[in-house]
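*Asks:* Top line first, the protein sequences correspond to chains A and B. Quick note: the first sequence uses this note's numbering, first residue 245, plus one each step. Quick note: the second sequence uses this note's numbering, first residue 1407, plus one each step. Just so you know, even glycine gets a beta-carbon here, dropped at the ideal spot from N, CA and C. Pasting a structure below so you can have a look.
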Amino acid sequence: MVRFALTGTRIRERRTLLRLRQADLARSVGISAAYLNLIEHNRRRVGDALLHRLAGALGISVVALAEGAKALLFDGLRAAAATDPAMPVPPELDRVEEFASLFPGWAGLLVNRQDRVGTLERMVETYADRLSHDPFLLDALHELLSGVTALRASASILAETEDLEPEWQHRFLHTIGTEGERLAETAEALTRHLDALVQAGTGLSAPLDQMEAWLAALDWHLPEPDTPEAATLQAQIRSAPQLSGDPARDMARRYVHQAQADARALPLRPMVQAIARLGLEPARLAAQFGVSLGVVFRRLATLPPDADLPGGRLSAGLVVCDGSGTLTLRRPMPGFTPPRFGAACPLWPLYAALCRPMQPLYTVIEMAGRMPRRFQAFAFSQPLAPSRFDAPVLMESMMLVLPATGDAQAEPVGLTCRVCPRDDCAGRNEPALLPRHDPQPVPPGLGV
Amino acid sequence: MANRQILLVEDEPHIAEAIRFILTRAGWQVAIEPDGAAALGRIRALRPHVVVLDLMLPGRSGLDILTDLRADPVLAALPVLMLTARGQDRDRVAAQQAGATAYLAKPFANADVLAVVEAIATQAGAG
Chain A
245 MVRFALTGTR IRERRTLLRL RQADLARSVG ISAAYLNLIE HNRRRVGDAL LHRLAGALGI
305 SVVALAEGAK ALLFDGLRAA AATDPAMPVP PELDRVEEFA SLFPGWAGLL VNRQDRVGTL
365 ERMVETYADR LSHDPFLLDA LHELLSGVTA LRASASILAE TEDLEPEWQH RFLHTIGTEG
425 ERLAETAEAL TRHLDALVQA GTGLSAPLDQ MEAWLAALDW HLPEPDTPEA ATLQAQIRSA
485 PQLSGDPARD MARRYVHQAQ ADARALPLRP MVQAIARLGL EPARLAAQFG VSLGVVFRRL
545 ATLPPDADLP GGRLSAGLVV CDGSGTLTLR RPMPGFTPPR FGAACPLWPL YAALCRPMQP
605 LYTVIEMAGR MPRRFQAFAF SQPLAPSRFD APVLMESMML VLPATGDAQA EPVGLTCRVC
665 PRDDCAGRNE PALLPRHDPQ PVPPGLGV
Chain B
1407 MANRQILLVE DEPHIAEAIR FILTRAGWQV AIEPDGAAAL GRIRALRPHV VVLDLMLPGR
1467 SGLDILTDLR ADPVLAALPV LMLTARGQDR DRVAAQQAGA TAYLAKPFAN ADVLAVVEAI
1527 ATQAGAG
């Protein structure tokens, strides 16, 4: 059974927390200490039966041990710690796991608040940007000032000039009338514009953020085509609370269109059967079905949670970028959360593939962090199908991320420089906000 | 007092008309030019004692016109009153850097326009 690679790490964490010796735990579940050591370093898979015995011995649910909801919580807590590096008493980063285990509610609340702060900061930035660059606002301001200036000058001539000839009097009264009309129209247009800005509300996040929030709410899985559920997709897009503007809804429609085409080219049942026979090798699957690698990548990253795969639920991440390196799709997985803004790690095979079009790249990568995580990365880039013969050639690169098992050599990479602890990295383009911390040695008496 | 010429470069007809009325009553001969692109040629032809120059103009910005004026040895010393938008500090700073003799923010008081025009004309020895 393919387990997400971190199961071993979680077993070790839980055991350390309970102050159990490795040998004692091993004996209680009927395996050798050496074998448990391999499991704890994610170098051996854990079978179903053993996982149940381990969960029982460690007083934790099988799900918590195998799926590690906490991994996301840890990431969130580290991100929160990174936002304020100048705290007089810095957050105890070396005790993140302990904190989250002891106070899961408080930890969840902190992560949730941090997300909210991030959203609000982004909104403020967008407002500020709009106010200083919004061409409509600048025009409206000019109109208002011109109207008010003409009105004030004309009114004060009428009020202050003694013996004003009737002809002039008439002209300035006329000016006041016309400028008054103009001001009323401008004010109305301005109100409409500001209303639209306010209504945009949550829509101030980028369309891609909105679409990904919608997909996350669907667990990144759309109903298979030609099912009754698929027929309601267009209606869902219209009413989804996450999609607050036409750009986001249009993006969601394009996504659905492609996902349905992918699913028709690579139907679920034959795909699952092929995976059982050929394994999770995207190129072999692509050759088997005569489809492009992109179809296989996208399908593998969005399989339904209940797909009958030999290894149980598949945990998969996917990133797609254009020729400028801008991420155009970010399907996260535990331990792999692509940055929402700012540059991603330049060492990602995604970017190496961009420089070597049409050449498949397979790399085992190790994500930097206190608990280094290893993944298999499949990267491939190619030009997008041209819309016309005289159209510019646009490149697209994509990287499928799957859990890694075993102890193959791994390339060190990160998520984004801001939160990356690798201080000797040649690819660094921005200082890290996180203080550097070395992994704590296990205190004597707790480990082997 | 005779023949005190002023050129008003302003595209808003109602504002231009009000300023012309006030300045005419004070004894100025007022010419109006609504087009930024034609302003420089008009100044060279008319040789006014004072120029009132709006910052936002169709055709050519008031700042560009002012910069050209200051680079021309014949016109470098010409008193120029720049009209900017109230609250736009960037505009005021830009007007000063480009070499405006004085500036007024819209919406201005009529009395201020007259007072500033008289002041910069006197300074330049035209009053």
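Check whether chain B comes within 9 Å of GLU425(A), counting only Cβ atoms and requiring the distance to be less than that.
*Replies:* No, GLU425(A) does not count as interfacial toward chain B.
*Asks:* Hey, would you say the C-beta of PRO601(A) is under 8 Å away from at least one heavy atom of the ligand NAD?
*Replies:* For the ligand NAD, the structure offers nothing, since it holds no ligand at all.
*Asks:* Cα separation between LEU537(A) and GLN504(A)?
*Replies:* C-alpha separation (whole angstroms): 16 Å.
*Asks:* Within the continuous beta strand (DSSP E) that includes LEU487(A), where are the two ends?
*Replies:* Note, LEU487(A): premise wrong, no beta strand (DSSP E); not H, not E.
*Asks:* Among THR649(A), ASP319(A), SER631(A), GLY561(A), which one has its Cα closest to the Cα of ALA460(A)?
*Replies:* Comparing Cα positions, the closest option is GLY561(A).
*Asks:* Assuming the contact rule is C-beta atoms closer than 8 Å, LEU1459(B) and LEU1487(B) should be a hit. Round their C-beta distance to whole Å, please.
*Replies:* Contact flag correct, Cβ pair sits at about 7 Å.
*Asks:* Pull out every residue of the stretch 386-416 of chain A whose Cβ sits closer than 9 Å to any Cβ of chain B, in chain order.
*Replies:* From the stretch 386-416 of chain A, only HIS386, LEU389, SER390, GLY391, VAL392, THR393, ALA394, LEU395, ARG396, ALA397, SER398, SER400, ILE401, GLU404, THR405, TRP412, ARG415, PHE416 have a Cβ closer than 9 Å to chain B.
*Asks:* Could you check whether the stretch 379-399 of chain A touches the stretch 662-678 of chain A, counting it as contact only if at least three pairs of C-beta atoms, one from each stretch, sit closer than 8 Å?
*Replies:* Short answer: they don't touch.
*Asks:* Have a look at ASP1474(B), LEU1429(B), HIS1455(B), ARG1431(B) and flag the residue whose alpha-carbon is nearest the alpha-carbon of ALA1504(B).
*Replies:* Minimum Cα distance to ALA1504(B) is reached at ASP1474(B).
*Asks:* Going by CA-CA distance only, name the one from SER390(A), PHE580(A), ASP651(A) that's closest to ASP319(A).
*Replies:* The candidate whose alpha carbon is nearest that of ASP319(A) is PHE580(A).
*Asks:* Check whether chain A comes within 9 Å of ASN1409(B), counting only Cβ atoms and requiring the distance to be less than that.
*Replies:* By this cut-off, ASN1409(B) is not an interface position.
*Asks:* Does the stretch 630-637 of chain A come close enough to the stretch 258-276 of chain A to have 3 or more Cβ pairs within less than 8 Å?
*Replies:* Counting Cβ pairs under 8 Å, fewer than three are found: no touch.
*Asks:* Does THR446(A) come out as helix, strand or coil in the three-state DSSP assignment?
*Replies:* Reliability fails at THR446(A), whose pLDDT of 45 lies under 50, so the model's placement of it is uncertain and the value that follows must be treated cautiously. Three-state DSSP puts THR446(A) in a helix.
*Asks:* Put GLU365(A) into one of helix, strand or coil per three-state DSSP.
*Replies:* Correct three-state label for GLU365(A): helix.
*Asks:* Please say whether GLY391(A) and ARG415(A) have beta carbons closer to each other than 9 Å?
*Replies:* The answer is no: Cβ separation not under 9 Å.
*Asks:* For PRO554(A) and ALA520(A), what's the separation of their Cα atoms in angstroms?
*Replies:* Each residue's Cα considered, the two are about 6 Å apart.
*Asks:* With the cut-off set at 9 Å, would you say CYS565(A) and TYR595(A) are in Cβ contact?
*Replies:* Yes, Cβ-Cβ distance for CYS565(A) and TYR595(A) is below 9 Å.
*Asks:* Measuring only the C-alpha atoms, how far is THR446(A) from GLN486(A)?
*Replies:* Unreliable placement is indicated for THR446(A), whose pLDDT of 45 sits below 50; the coordinate value is still reported in the next sentence. So the two alpha carbons sit approximately 8 Å from each other.
*Asks:* Write down the C-beta distance between ALA597(A) and ALA629(A) rounded to the nearest angstrom, noting that I regard them as a contact closer than 8 Å.
*Replies:* With a Cβ gap of about 18 Å, ALA597(A) and ALA629(A) do not count as contacting.
*Asks:* Using only the alpha-carbon positions, how far apart do GLY424(A) and LEU395(A) sit?
*Replies:* C-alpha separation (whole angstroms): 7 Å.
*Asks:* Taking the CB atoms as reference points, tell me whether ILE609(A) and VAL657(A) lie closer together than 9 Å.
*Replies:* Yes, they are a contact pair.
*Asks:* Cβ of LEU389(A) within 9 Å of Cβ of LYS1512(B)?
*Replies:* Against a cut-off of 9 Å, the Cβ pair of LYS1512(B) and LEU389(A) comes out as a contact.
*Asks:* Assign PRO576(A) to buried or exposed, taking buried as 16 or more other Cβ atoms, counted over all protein chains shown, within 10 Å of its Cβ.
*Replies:* PRO576(A) should be labelled buried.
*Asks:* Does DSSP classify ASP1495(B) as helix, strand or coil?
*Replies:* Helix, per DSSP.
*Asks:* Mind checking if PRO1440(B) is an interface residue toward chain A, Cβ cutoff 9 Å exclusive?
*Replies:* Not an interface residue.
*Asks:* According to DSSP, which residues form a beta bridge with SER641(A)?
*Replies:* Answer is CYS565(A), SER625(A), bridged to SER641(A).
*Asks:* In three-state terms, what does DSSP make of ALA1480(B)?
*Replies:* Note that residue 1480(B) is Val in the sequence shown, not Ala. Reduced to three states, the DSSP call for VAL1480(B) is coil.
*Asks:* Using CA atoms only, rank isn't needed, just tell me which of ARG528(A), GLY534(A), ALA518(A), GLN454(A) is closest to TYR499(A).
*Replies:* Checking every option, the nearest Cα to that of TYR499(A) belongs to GLN454(A).
*Asks:* Mind listing the chain B neighbours of THR419(A)? Cutoff is C-beta to C-beta under 8 Å, in chain order.
*Replies:* Ordered by position in chain B, the residues that pass the 8 Å Cβ test against THR419(A) are HIS1420, GLU1423, ALA1424.
*Asks:* Cutting at 8 Å between CB atoms, please list the residues of its own chain near ALA1521(B), excluding the five before and the five after it.
*Replies:* None.
*Asks:* Ignore the nearest five residues each way along the sequence and tell me which others in LEU638(A)'s own chain have a CB closer than 8 Å to its CB.
*Replies:* Excluding residues within five positions, the ones whose Cβ falls inside 8 Å are ASP566, GLY567, PRO627, LEU628.
*Asks:* Give me the chain A residues within the contact set of ALA1515(B), using Cβ-Cβ distance strictly less than 8 Å, ordered along the chain.
*Replies:* What ALA1515(B) touches in chain A: ARG396, SER400.
*Asks:* With a threshold of 9 Å between beta-carbons, can ILE1471(B) be considered close to chain A, or not?
*Replies:* It does not: the Cβ of ILE1471(B) has no partner Cβ on chain A nearer than 9 Å.
*Asks:* Distance, Cα to Cα, ALA527(A) vs TRP350(A)?
*Replies:* Spanning the two alpha carbons is a distance of roughly 44 Å.
*Asks:* Identify, in the order they occur along the chain, each residue of the same chain with its Cβ nearer than 7 Å to the Cβ of PRO548(A), setting aside the five sequence neighbours on each side.
*Replies:* Cβ within range, chain order: HIS465.
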